[in-house]
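Trainee:
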Amino acid sequence: MKLGLKCLGNVRVQARIAEIMRAGAERAEVTVEQVLRELKLIGFSDIRKVVSWRNELVTRTEKGKDGEPVMVLMPRVTNLDADKISDEATAAVAEVSRTVNGALRVKLHDKHAALVSIGRYLGMFDAKVKVDAVYGISEEPMSAEEWKKQFAGN
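For what it's worth, numbering that gives the first Met the number 0 labels the leading residue of the sequence shown as 0, then goes sequentially.
Structure, rendered in structure tokens:
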């Protein structure tokens, strides 16, 4: 394990790894721009471009206390027709499935993961933690007054 980490610190090894990765990407005909564009479609996707929802007044079959039909406000979710969804919105769809009761379920790709990937590529997040505290060990023990001043305040 140590040898592997040591090799990764070697500039020549890093350059060779980058060269191999570049060659693989070229063979696959994948560019950084393409990957970022796909991540952008996911990261900035909007569920309203795939499904719509609204409250709808529905007449229930059971009768109310006065014998009249009961009107209830029910949430109604509808999926847009696949041929009416833009290519950009379709790229953000991870799954379309049918639930046990027959409803269609639409799941989008993970927006958070896509945005974090873009942010990392752009250098927005620094994984290093900076600690400004300075701790020293003195050969002389602290006096009671020094201790009070440092730890107890005024």
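All C-beta atoms, glycine included, are put in the ideal place defined by N, C-alpha and C. Values in this document were obtained by computation on a predicted structure and should not be read as measured data.
Residues in its own chain within less than 8 Å of residue 53 by CB, not counting five upstream and five downstream?
Mentor: Position 54 of the sequence shown, counting from 1, holds the residue named residue 53. The answer, listed in chain order, is 74 and 75.
Trainee: Helix, strand or coil for residue 14, going by three-state DSSP, please let me know.
Mentor: By one-based count along the sequence shown, residue 14 stands at place 15. It is helical.
Trainee: Alpha carbon to alpha carbon, how far is residue 10 from residue 16?
Mentor: Residue numbering aside, residue 10 sits at position 11 when the sequence shown is read from its first letter. Residue numbering aside, residue 16 sits at position 17 when the sequence shown is read from its first letter. If I take the Cα positions, the gap works out to 10 Å.
Trainee: Rounded to whole angstroms, what's the CA-CA distance from residue 107 to residue 31? Just pull it up for me.
Mentor: Taking the sequence shown and counting its residues from 1, one reaches residue 107 at position 108. Taking the sequence shown and counting its residues from 1, one reaches residue 31 at position 32. In a straight line, the C-alpha of residue 107 is about 23 Å away from that of residue 31.
Trainee: Using only alpha-carbon positions, find the residue among 95, 87 and 149 that is nearest to residue 103.
Mentor: In the sequence shown, the residue the question calls residue 103 occupies position 104. Of 95, 87 and 149, the residue nearest in Cα terms is 95.
Trainee: With a cut-off of 8 Å on the beta carbons, I'd call residue 79 and residue 50 a contact; round off their distance for me.
Mentor: Position 80 of the sequence shown, counting from 1, holds the residue named residue 79. Position 51 of the sequence shown, counting from 1, holds the residue named residue 50. Indeed they touch by this definition, with Cβ atoms about 7 Å apart.
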